[in-house]
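Numbered by the working numbering, the letters in the sequence shown go through residues 2 to 170 in order.
Here's the structure, in structure tokens; my notes come after.
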Amino acid sequence: MLAAASCSVKAILRPALLGHSRAVVPELLIPWRNVCLYHTVPPPAKYGGRHTVTMIPGDGIGPELMVHVKRIFRLNCVPVDFEEVWMTSASNANEVDQAITAIRRNRVALKGNIATDHRLPVSYKSHNTKLRTTLDLYASVVHFKTFPGVETRHKDIDIIVVRENTEGE
């Protein structure tokens, strides 16, 4: 599954500007990757068409972060359309089911934090746990790696952390 996700990311992030000339902004001498910033509407994708991603802003700063994510994607002409599904800690079961349906339909999602009230009984399943168990998202894989040229205390770090995601389910 990780290999499939890697291929999807590569397909989504390929340059969408191949074939475009610098005539878009002739008076400026700018690199090819910046030409796209002057479009008001992103050009159609050249490879594989556009992709629809389920976006769940969540609670806290999630909605604000998602605004910036959409802006960054738009300015870089990433061929992605976002289907926003509003789900927060106060959402009911129907809204959680709508989010699960959207994620299954689009096969990819970007989710902000959904707060969990830890004062509730242990038998209570949070919205995060419902999403993870229903969609069979057993593990969270995070890759930590030092960037070349960035001064850090520890050198040449390359660690992959696999964390169990369904809280003992």
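Idealized CB from N, CA, C, for every residue including glycine.
Because the structure is a prediction, the values reported are computed rather than measured.
Checklist line | Span of the alpha helix (DSSP H) around residue 104 | finding: Walking along the sequence shown from the start, residue 104 turns up at place 103. From DSSP, the alpha helix (DSSP H) with residue 104 extends over 94-107.
Next item on the list: Express the C-alpha separation of residue 121 and residue 110 in angstroms, rounding to a whole number.
Entry: As a working mapping, residue 110 is identified with position 109 in the sequence shown. As a working mapping, residue 121 is identified with position 120 in the sequence shown. Computed Cα separation, rounded: 27 angstroms.
Next item on the list: Find the nearest neighbour of residue 57 within the set 132, 87, 79 and 161, judged by alpha-carbon distance.
Entry: Residue mapping note: residue 57 aligns to position 56 of the sequence shown, counting from 1. Answer by Cα proximity: 87.
Notebook entry, point to check: Helix, strand or coil for residue 115 per DSSP?
Noted result: For this step, residue 115 is matched to residue 114 along the sequence shown. Correct three-state label for residue 115: coil.
Check: Is residue 56 helix, strand or coil by DSSP?
Finding: Residue mapping note: residue 56 aligns to position 55 of the sequence shown, counting from 1. Of the three classes helix, strand and coil, the one that applies to residue 56 here is strand, per DSSP.
Notebook entry, point to check: Buried or exposed: residue 132, going by 16 or more other Cβ atoms within 10 Å of its Cβ?
Noted result: Taking the first residue of the sequence shown as position 1, residue 132 is located at position 131. Buried, because 16 or more other Cβ atoms sit within 10 Å of the Cβ of residue 132.
Next item on the list: Give the single residue among 112, 147, 153 and 124 whose Cα lies nearest to the Cα of residue 66.
Entry: By one-based count along the sequence shown, residue 66 stands at place 65. Ranking the options by Cα distance to residue 66, first place goes to 112.
Check: Is residue 61 near residue 103, with beta carbons less than 8 angstroms apart?
Finding: One-based indexing of the sequence shown puts residue 61 at position 60. One-based indexing of the sequence shown puts residue 103 at position 102. Taking 8 angstroms as the Cβ cut-off, residue 61 and residue 103 do not qualify as a contacting pair.
Checklist line | Buried or exposed by the 16-neighbour rule on C-beta atoms within 10 Å, applied to residue 33 | finding: By 1-based counting over the sequence shown, the position of residue 33 is 32. Residue placement at residue 33 is flagged as unreliable, the pLDDT there being 45, under the threshold of 50; the coordinate-derived value follows with that caveat. The residue is exposed, with fewer than 16 neighbouring Cβ atoms inside 10 Å.
Next item on the list: Could you give the DSSP three-state label for residue 65: helix, strand or coil?
Entry: Here residue 65 refers to the residue found at position 64 of the sequence shown. Three-state DSSP puts residue 65 in a helix.
Notebook entry, point to check: If you check the beta carbons only, do residue 162 and residue 145 fall under 8 angstroms apart?
Noted result: By one-based count along the sequence shown, residue 162 stands at place 161. By one-based count along the sequence shown, residue 145 stands at place 144. In contact: residue 162 and residue 145 (Cβ atoms closer than 8 angstroms).
Check: Is it right to say residue 153 is buried, meaning 16 or more other beta carbons lie within 10 angstroms of its own, or is it exposed?
Finding: By one-based count along the sequence shown, residue 153 stands at place 152. Classification for residue 153: exposed.
Note to self: Taking DSSP's pairing of strands, which residues face residue 145 in a bridge?
What the structure shows: Position 144 of the sequence shown, counting from 1, holds the residue named residue 145. Paired residues: 160.
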